[in-house]
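In my numbering, each number is its position in the sequence shown, counted from 1, plus 692. We treat Cβ as the ideally placed atom computed from N, Cα and C, and that holds for glycine.
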Amino acid sequence: MSSVLQSPDLLELVFAFQDGWYQEQLDLIMTLELHGLRHLVHSASSQPFPSMDRVVEILSPWIEKHGISAAQRLVRDMAQVGGLLFLHCAHEGNTVLLKSIQEVGNISLGTQQRIVHTAAAAGHVNVLEFLHQNNYSGFTADTMDTAVSHGHLDAVKFLHANRSEGCTTKALDQAIYHGHSDLIDWLYTNRTEGCSHSGLLFAAKKGSPILQRIVEDGRMQLGGSEIIHAARSGHFTLVKYLASLVSTNHIKRALEAATYLGYTEICQYLNTVIS
Numbered sequence: 693m694s695s696v697l698q699s700p701d702l703l704e705l706v707f708a709f710q711d712g713w714y715q716e717q718l719d720l721i722m723t724l725e726l727h728g729l730r731h732l733v734h735s736a737s738s739q740p741f742p743s744m745d746r747v748v749e750i751l752s753p754w755i756e757k758h759g760i761s762a763a764q765r766l767v768r769d770m771a772q773v774g775g776l777l778f779l780h781c782a783h784e785g786n787t788v789l790l791k792s793i794q795e796v797g798n799i800s801l802g803t804q805q806r807i808v809h810t811a812a813a814a815g816h817v818n819v820l821e822f823l824h825q826n827n828y829s830g831f832t833a834d835t836m837d838t839a840v841s842h843g844h845l846d847a848v849k850f851l852h853a854n855r856s857e858g859c860t861t862k863a864l865d866q867a868i869y870h871g872h873s874d875l876i877d878w879l880y881t882n883r884t885e886g887c888s889h890s891g892l893l894f895a896a897k898k899g900s901p902i903l904q905r906i907v908e909d910g911r912m913q914l915g916g917s918e919i920i921h922a923a924r925s926g927h928f929t930l931v932k933y934l935a936s937l938v939s940t941n942h943i944k945r946a947l948e949a950a951t952y953l954g955y956t957e958i959c960q961y962l963n964t965v966i967s
């Protein structure tokens, strides 16, 4: 018996079958309590997860202090809290820890979906590759949409080359909305989903040249209100291009917007077009 008590490895194995928590787990429970996250210790998976900023704030110092073995014990003994560790790895790009805790934890479908989404939002190609190779569930068209909306071209390229889910029109819509010119060009060239009419309106508001490319390539038809949004934002060059493609009624409304906002050059031009 004394030899068992003097062996850290054997003691850990013995304690693994006893009720209760390790000290580092109690420390984490107290931290969760202080952050108002008591439900993560006891609740069902339907309870909301905290924001990733909060997850990083809580777990980064804990992981640094206690290391991989403690992380494995946490995943094994406290599945709900352990799920936060997987999200932390996805957010921080830590595939070393991710591989280690995967070996001991059973990951629910819902947590797998969160992990994939978190990796896409963070743009960590190494994590996406790991999740892909290990057959994680949760890859959908929304995965690429999410990577695009956060401006991660390399992640988008990886998903395009290795997955079959593709994206939706939301991808190009979001690229236009956020002004990610590299993603706009890449999506337009390499994907066929295109954008929605909202994307055209975003392009008009931003003065993005993608609007003219879409129209001239015949990939979408104008609704007419694009010139109003372009005029409201003072994009004179785009207003001139659109003026010959939309109705007089839309031109008049664009003139009203430009007049109200004081875009003199646009007003003068549109008055000429109408007359």
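Beta-carbon gap between residue i and residue j smaller than 8 Å
i: His942; j: Ser967; result: no
i: Phe831; j: Arg855; result: yes
i: Val812; j: Thr787; result: Residue 812 is actually Ala in this sequence, not Val. Not in contact: Ala812 and Thr787 (Cβ atoms no closer than 8 Å).
i: Gly672; j: His852; result: Look at the range of the chain in this structure, 693 to 967, and you will see that residue 672 is not part of it.
i: Val931; j: Tyr961; result: yes
i: Gln764; j: Ser743; result: no
i: Leu766; j: Gln717; result: yes
i: Ala687; j: Val819; result: No information on residue 687 is available, as it lies outside the stretch 693 to 967 that the chain covers here.
i: Ala935; j: Val965; result: yes
i: Leu864; j: Gly899; result: no
i: Ala946; j: Ile906; result: no
i: Ala833; j: Thr810; result: no
i: His727; j: Ile755; result: no
i: Glu821; j: Met836; result: no
i: Ser841; j: Leu801; result: no
Span separating the alpha-carbon of residue i from that of residue j
i: Gly910; j: Leu903; result: 11 Å
i: Ile868; j: Ile876; result: 6 Å
i: His872; j: Asp719; result: 42 Å
i: Lys944; j: Thr884; result: 34 Å
i: Ala736; j: Val748; result: The predicted model places Ala736 with a pLDDT of 41, which falls under 50 and marks its position as unreliable, so this point remains unresolved.
i: Ala949; j: Gln866; result: 25 Å
i: Leu937; j: Leu914; result: 8 Å
i: Gly797; j: Gly891; result: 42 Å
i: Thr929; j: Thr803; result: 48 Å
i: Leu702; j: Glu784; result: Reliability fails at Leu702, whose pLDDT of 45 lies under 50, so the model's placement of it is uncertain and no value is given.
i: Lys849; j: Val817; result: 9 Å
i: Glu908; j: Tyr933; result: 11 Å
i: Leu777; j: Ala847; result: 22 Å
i: Ile958; j: Ser925; result: 11 Å
i: Trp713; j: Thr723; result: 15 Å
i: Leu789; j: Asn882; result: 34 Å
i: Asp769; j: Gly775; result: 11 Å
i: Leu893; j: Glu795; result: 48 Å
i: His889; j: His758; result: 51 Å
i: Lys897; j: Leu823; result: 38 Å
i: Pro753; j: Met912; result: 51 Å
i: Leu697; j: Lys862; result: Low per-residue confidence applies at Leu697: pLDDT is 48, beneath 50, and the placement is therefore not dependable, though the value from the model is reported in the following sentence. Cα to Cα, Leu697 sits roughly 60 Å from Lys862.
i: Asn826; j: Val808; result: 12 Å
i: Leu729; j: Asp745; result: 14 Å
i: His870; j: Leu879; result: 14 Å
i: Gly954; j: Thr940; result: 21 Å
i: Glu642; j: Gln772; result: Because the chain spans 693 through 967 in this model, residue 642 falls outside it and cannot be assessed.
i: Ile799; j: His927; result: 50 Å
i: Ala895; j: Gln715; result: 55 Å
Residue range of the alpha helix (DSSP H) that includes residue i
i: Met722; result: Gln715 to Leu726
i: Ser890; result: His889 to Lys898
i: Asp846; result: Leu845 to Asn854
i: Arg883; result: Per DSSP, Arg883 belongs to no alpha helix (DSSP H) and is neither H nor E.
i: Met942; result: Sequence inspection shows His at residue 942; the Met mentioned does not correspond to that position. Residues Thr940 to Leu953.
i: Arg924; result: Glu918 to Arg924
i: Asp865; result: Thr861 to His870
i: Glu857; result: Counting along the chain, Glu857 falls outside any alpha helix (DSSP H), and DSSP gives it neither H nor E.
i: Gln904; result: Ile902 to Glu908
i: Leu729; result: Where Leu729 is concerned, there is no enclosing alpha helix (DSSP H), given that its DSSP letter is neither H nor E.
i: Gln913; result: From DSSP, Gln913 is part of no alpha helix (DSSP H); its letter is neither H nor E.
i: Leu937; result: Note, Leu937: premise wrong, no alpha helix (DSSP H); not H, not E.
is_contact[residue i, chain B] using C-beta, thresh 8 Å
i: Gly954; result: In the displayed structure, chain B is absent; only one protein chain is listed.
Any non-hydrogen atom of the ligand NAP closer than 7 Å to residue i Cβ
i: Thr832; result: With respect to the ligand NAP, the structure shown offers nothing to examine, as it has no ligands at all.
Practice prompt. Let me know the alpha helix (DSSP H) ranges lying completely inside the stretch 753-837, each 4 residues or longer, listed in chain order.
Written response: The alpha helix (DSSP H) runs of length 4 or more contained entirely in the stretch 753-837 are, from start to end of the chain, 771-784, 787-794, 801-814 and 817-825.
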